[in-house]
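Have a look at the structure below before the remarks.
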Amino acid sequence: KKIAVVSANYRMYPDAKYPEFIQDAAEAVSWTYKNISNYGNCDKVYIGGSSAGAYISMMLCFNKSFLAQYGIDGSTITGYIHDAGQPTCHFSVLGANGIDTRRVIVDETAPLYHVGIEKSYPPMLFIVSDNDMENRYEQTMLMISTLKHFEYKNIFLKVMHGTHCQYTEGIDKNSESILGK
């Protein structure tokens, strides 16, 4: 099959504050929907990101209001890929608000805060390293557990070996979890 990739930038701190960088990503998804036909036929759209980009992709997934601001119904997204993302309030958001970046806060700026609001979500893949940034693995497991608690289906987890976004050994065949395929 043929695929196309749209890679979008977004404004970052200190040039942008929460939620402007998420709105930038939602606008990029909107641009994709409006312009993809100029490049070929497209019947499936996946959204994904790595690290801060995964935090943003989770916010687009779990807080439908960001896509709705650009006229996009979140249920039209085929799936999501969240690689090494922070499901709690992102440490950049904490730092910008003068809060110790090691704090684990689940408020409206956290993807985890929005889980349970929608009846269903598109399929999604979470990728995390067993040696990721401090507390990232555990936060990802909390996200997976919360999705399982709400009985969401088609949630996939890949645990990699290595450090944050630098996987060295690939996928451990015993580390894959699939929730309700």
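To convert, note that position 165 of the sequence shown is 714 in the numbering used here; the numbers rise steadily by one, no gaps. We put the beta carbon where it would ideally sit given N, CA and C, even for glycine.
query	result
Phe629 (DSSP reduced to helix, strand or coil)	In the sequence as presented, Phe is not what sits at residue 629; that position holds Tyr. Three-state DSSP puts Tyr629 in a strand.
Host alpha helix (DSSP H) of Thr712 (start-end)	It is not in any alpha helix (DSSP H) - Thr712 instead sits in the beta strand (DSSP E) that spans 704-712.
Three-state secondary structure (DSSP) of Lys722	In this predicted model, Lys722 has a pLDDT of only 47, less than 50, meaning its place in the structure is not dependable; the value taken from the coordinates is given anyway. The answer is helix: DSSP assigns Lys722 an H, G or I state.
In DSSP terms, what Leu674 is bridged to	Ile630, Phe705
For Ile571, three-class secondary structure by DSSP	helix
Pair within 8 Å by beta-carbon distance, Ala615 and Ala575	Rather than Ala, the amino acid found at residue 615 in this sequence is Phe. Cβ distance < 8 Å, so Phe615 and Ala575 count as in contact.
Residues near Phe611 by beta carbon distance below 7 Å, same chain, minus five either side	Pro660, His663, Val664
Straight-line Cα distance separating Ile648 from Ile654	10 Å
8 Å Cβ cutoff met for Gly644 and Thr637	no
Leu572 versus Ser694: straight-line alpha-carbon distance, rounded	In the sequence as presented, Leu is not what sits at residue 572; that position holds Gln. Going from the Cα of Gln572 to the Cα of Ser694 covers about 28 Å.
Counted within 10 angstroms of its Cβ, other Cβ atoms place Ala553 as buried (16 or more) or exposed	exposed
CA nearest to the CA of Ile630, picked from Arg652, Val677, Gly620	Val677
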